[in-house]
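Undergrad: Dropping a structure here in structure tokens format, bear with me for questions.
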Amino acid sequence: MLLVIVEEDAGGVSAASLEAVTCARHLAEGAGLDLHAAAFGAHGDLAAGLSKYGVSTLHLVTSESTREYSPELWGTALAELVEHTGATGVLAASTDRGTEILANAAASTEQPFASNCVAIEPGDPWTLTRQRGGGILLEDAELSGRVKLASLVAGSVEISEATATHEVDVLEFAPTPQATMPHSAIVDRTSRGSGVSLASARVVVSGGRGVGSAEGFAPLEELAELLGGAVGCSRVATNNGWRSHSDQVGLTGTKIGAELYIACGISGATQHWVGCMGAKTILAINTDPEAPLVARADYAVIGDVQEVLGAVLERLRARRAAA
Ligand SMILES: Cc1cc2nc3c(=O)[nH]c(=O)nc-3n(C[C@H](O)[C@H](O)[C@H](O)COP(=O)(O)OP(=O)(O)OC[C@H]3O[C@@H](n4cnc5c(N)ncnc54)[C@H](O)[C@@H]3O)c2cc1C
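Whatever position you read off the sequence shown (first residue = 1), add 56 for my numbering.
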């Protein structure tokens, strides 16, 4: 059996997790194995969203010690679930959580973990392609082991449904309490304005130095809201205190896999590019026609970001009012 960790986003299974599910189904079918999913917390409602994707069982990891996120406690709980179910492979999206949980589970089970994969082919060993150097290099590798663990970069796989729809069995799994184990724990949370996470948003409207100030992000916020997306930024925007680090796209920020990335006043330094290159379509708005991101973008508008966004928003507001 193969196991895929699913994360919740906006009340359903996140797009990045559905990519991992699609990839895991491909591996399971190639090996003639069942596909199970696992979620942390009482997320029984995710079962309905998984029924079309070939998942037969959803394991809900529920216990007092795993109620709040902790990479060590969740990783150890996952290791226990792997032994309990006899899973021979575990996949997750390459989100911060997915990577941390798998790394801890791998350490606990003493099994190998390949992070940041963009393609995984069935067989024994698994054949994989993974990102290195923040995505600048691609490495071909093989993964062998009694249990293989791998994480998948968002935007690598086209989400697809299974040929048959299954009713998903929901099973609760209570791991052994690990309260005395050394672990990190969340002590505070800052909620984001939008309910959509940057890593899994289908549209990201992102701003850099060219936006000019924290207040200059207001039209980006409005555009993101109108498009049902999230706001991102470059490191200059975080360094200047215009946005929080959680909004940063890039090597030392979030890697996105959006359908559409709108880069406003961002030059496109390599460290930024590796965070947004997974987007399917890139639109750059920049005063400099020679900016690297303008050269790499699918579409570019050469002009002042505030003027361009002002015109776009005017049209969108008028269209919304007419609808
Ligand atoms: C180890 C390391 C890690 C890093 N990690 C990251 C990372 O994760 N993410 C990241 O983003 N950067 C990262 N950086 C920084 C990166 O190298 C760049 O410095 C940064 O991305 C530049 O941000 P920017 O594009 O906003 O600014 P700039 O490079 O200054 O570009 C500003 C752009 O705005 C345009 N512009 C100016 N005025 C306007 C206007 N009115 N309207 C429209 N366009 C305008 C300009 O033409 C220019 O293209 C990292 C650097 C290092 C060394």
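Just so you know, even glycine gets a beta-carbon here, dropped at the ideal spot from N, CA and C.
1) State yes or no: is the C-beta of I192 nearer than 7 angstroms to some heavy atom of ligand 1?
2) Near ligand 1, which residues have their beta-carbon less than 5 angstroms from any of its heavy atoms, given in chain order?
3) Let's test the definition: count the other Cβ atoms within 10 Å of the Cβ of H301 and tell me whether it reaches 16, buried, or not, exposed.
4) Would a C-beta distance cut-off of 8 angstroms place A94 and L58 closer than the cut-off?
5) So W182 is in the beta strand (DSSP E); what residue range does that whole segment cover?
6) Buried or exposed for S73, please, with buried defined as at least 16 other CB atoms from any protein chain shown within 10 angstroms of its CB.
7) Can you tell which of Y355, V267 and T232 has the C-alpha that lies nearest to the C-alpha of K336?
8) Contact between the region 126-133 and the region 177-197 is defined here as three or more beta-carbon pairs at a separation below 8 angstroms; is this criterion met?
9) Just tell me which of E85, H115 and G189 has its CA closest to the CA of A98.
10) Three or more C-beta pairs under 8 angstroms: does that hold for the region 76-89 against the region 146-160?
11) Tell me, to the nearest whole angstrom, how far the beta carbon of L254 is from that of D303; I am working on the premise that it is less than 8 angstroms.
12) Name the residue from L365, S290 and L158 whose alpha carbon lies nearest to the alpha carbon of E277.
13) Give the DSSP-derived three-state secondary structure of Y380 in the structure shown.
14) Indicate the three-state DSSP secondary structure (helix, strand or coil) for N296 in the structure shown.
15) Is S256 buried or exposed, if buried means 16 or more other CB atoms sit within 10 Å of its CB?
TA: Taking the geometry as given:
1) As a position in the sequence shown, residue 192 is number 136, starting the count at 1. False, no ligand heavy atom lies under 7 angstroms from that Cβ.
2) Output, sorted by chain position: G264, R265, G266, S290, R291, V292, G306, L307, T308, G309, G321, I322, S323, A325, Q327, H328, N342, T343, D344, A347, D360 and V361.
3) Translated into positions along the sequence shown, residue 301 becomes position 245. Answer is exposed; the Cβ neighbour count stays below 16.
4) As a first step, residue 94 is located in the sequence shown; it is residue number 38 there, counting from the start. As a first step, residue 58 is located in the sequence shown; it is residue number 2 there, counting from the start. The Cβ-Cβ distance between A94 and L58 does not fall below 8 angstroms.
5) Walking along the sequence shown from the start, residue 182 turns up at place 126. W182 -> beta strand (DSSP E) spans W182 to R188.
6) Here residue 73 corresponds to residue number 17 of the sequence shown, with the count starting at 1. Per the 10 Å Cβ criterion, buried.
7) As a first step, residue 336 is located in the sequence shown; it is residue number 280 there, counting from the start. Nearest Cα to K336 within the set Y355, V267 and T232: Y355.
8) In this structure the region 126-133 does not lie against the region 177-197, because fewer than three pairs of beta carbons, one per stretch, are closer than 8 angstroms.
9) Taking the sequence shown and counting its residues from 1, the one referred to as residue 98 is at position 42. Considering only alpha carbons, the answer is H115.
10) Taking one beta carbon from each stretch, the region 76-89 and the region 146-160 have 3 or more pairs nearer than 8 angstroms; the two touch.
11) Start at 1 with the first residue of the sequence shown, and residue 254 comes out as number 198. Start at 1 with the first residue of the sequence shown, and residue 303 comes out as number 247. Contact between L254 and D303 is confirmed by a C-beta separation of about 7 angstroms, below the 8 angstroms threshold.
12) In the sequence shown, counting from the first residue as 1, residue 277 sits at position 221. Of L365, S290 and L158, the residue nearest in Cα terms is L365.
13) The structure shown does not extend to residue 380, since the chain spans only 57 to 379, so no value can be given for it.
14) On the sequence shown, residue 296 is found 240 positions in, with the first residue counted as 1. For N296, the secondary structure class from DSSP, reduced to helix, strand or coil, is coil.
15) The sequence position of residue 256 within the sequence shown is 200, counting from 1. With 16 or more other Cβ atoms within 10 Å, it is buried.
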